[in-house]
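**Student:** Structure provided below as structure tokens; questions to follow.
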Amino acid sequence: MKKHLFTLLWGLGVWLCATLFFIFLGKFVLYTPGTSSFTISIILLLAGTAVLLWGITHIYVLFDKTNHAALRFGIIGSILGLFLDTFSLSFHRTIFPLLEESQIIAFSAWMSCAYALFLVIPALLNQRIQRQKRMAI
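Okay, structure coming up:
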């Protein structure tokens, strides 16, 4: 457990930043699912999420030099975030008081795709790092 504390803290940081973003800005970026505004918004949010996750994972592996660090970050970060979001969605009226029900659904749609990105992007980065290590030998 002690060796995963660093990864847990980074995962908590990612979750906290994403949650705070939607607490403060969700009212302005989340739209009713099924509308054209929703489609444009979710595409832009996911593109931004992908870029941020790529950058954060790159920074993470600068600090964690262990083998498969990026992969561990994606898995542990996703597990922690999904666990915490169980409660943020269960208590959405308290945590996201400014969001309407349709915006909570939009948030859930973004969240589902964002966790897929949180697994895929570190896995791709891990694969790239492993390939570079093999080529350096």
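Residues 1 to 137 in the working numbering are what the sequence shown spells out, letter by letter. C-beta atoms are modelled at their ideal positions from N, C-alpha and C, and glycine is treated no differently.
(1) Within a Cβ cutoff of 6 Å, which residues of the same chain sit near residue 92, ignoring the five residues on either side of it in sequence?
(2) Report the CB separation of residue 50 from residue 60 in whole angstroms; it is logged as a contact under 8 Å.
(3) Distance, Cα to Cα, residue 67 vs residue 37?
(4) Quick one: residues in its chain with C-beta nearer than 7 Å to the C-beta of residue 29, no 5 flanking neighbours on either side, listed in chain order?
(5) State yes or no: is the C-beta of residue 6 within less than 9 Å of the C-beta of residue 83?
(6) At the level of alpha carbons, what is the spacing between residue 58 and residue 23?
(7) Residue 134 to residue 100, Cα distance in whole Å?
(8) Please look up how many angstroms separate the CB atoms of residue 31 and residue 106, rounded, as I've assumed it's under 8 Å.
(9) Does DSSP put residue 96 in a helix, in a strand, or in coil?
(10) Express the C-alpha separation of residue 131 and residue 76 in angstroms, rounding to a whole number.
(11) Please report the Cβ distance between residue 81 and residue 121, rounded to the nearest whole angstrom; I am assuming they are in contact, meaning their Cβ atoms lie under 8 Å.
(12) Could you tell me the distance, in whole angstroms, from the CA atom of residue 118 to the CA atom of residue 128?
**Tutor:** A quick look at the data gives this:
(1) Looking up residue 92 in the sequence shown gives position 92. Result list for residue 92: 104, in chain order.
(2) Within the sequence shown, numbered from 1, the residue matching residue 50 stands at position 50. Within the sequence shown, numbered from 1, the residue matching residue 60 stands at position 60. With 8 Å as the limit, residue 50 and residue 60 do not qualify as a contact, their Cβ atoms being about 15 Å apart.
(3) Along the sequence shown, one-based indexing puts residue 67 at 67. Along the sequence shown, one-based indexing puts residue 37 at 37. The straight-line gap from Cα to Cα measures roughly 42 Å.
(4) The residue given as residue 29 occupies position 29 in the sequence shown. Contacts found: 41 and 45.
(5) In the sequence shown, the residue the question calls residue 6 occupies position 6. In the sequence shown, the residue the question calls residue 83 occupies position 83. No, the Cβ-Cβ distance between residue 6 and residue 83 is not below 9 Å.
(6) If you number the sequence shown from 1, residue 58 lands on position 58. If you number the sequence shown from 1, residue 23 lands on position 23. Spanning the two alpha carbons is a distance of roughly 26 Å.
(7) To locate residue 134, count along the sequence shown from 1; it is residue 134. To locate residue 100, count along the sequence shown from 1; it is residue 100. Cα-Cα distance, rounded: 51 Å.
(8) Locating residue 31 in the sequence shown gives position 31, counting from the first residue. Locating residue 106 in the sequence shown gives position 106, counting from the first residue. About 6 Å separates the two Cβ atoms, so the contact holds.
(9) Against the sequence shown, residue 96 aligns to sequence position 96. In the structure shown, residue 96 sits in coil (DSSP, three-state: anything other than H, G, I, E or B).
(10) For this step, residue 76 is matched to residue 76 along the sequence shown. For this step, residue 131 is matched to residue 131 along the sequence shown. Computed Cα separation, rounded: 22 Å.
(11) As a first step, residue 81 is located in the sequence shown; it is residue number 81 there, counting from the start. As a first step, residue 121 is located in the sequence shown; it is residue number 121 there, counting from the start. Residue 81 to residue 121, Cβ: 14 Å. No contact.
(12) By 1-based counting over the sequence shown, the position of residue 118 is 118. By 1-based counting over the sequence shown, the position of residue 128 is 128. If you take the alpha carbons of residue 118 and residue 128, they lie about 16 Å apart.
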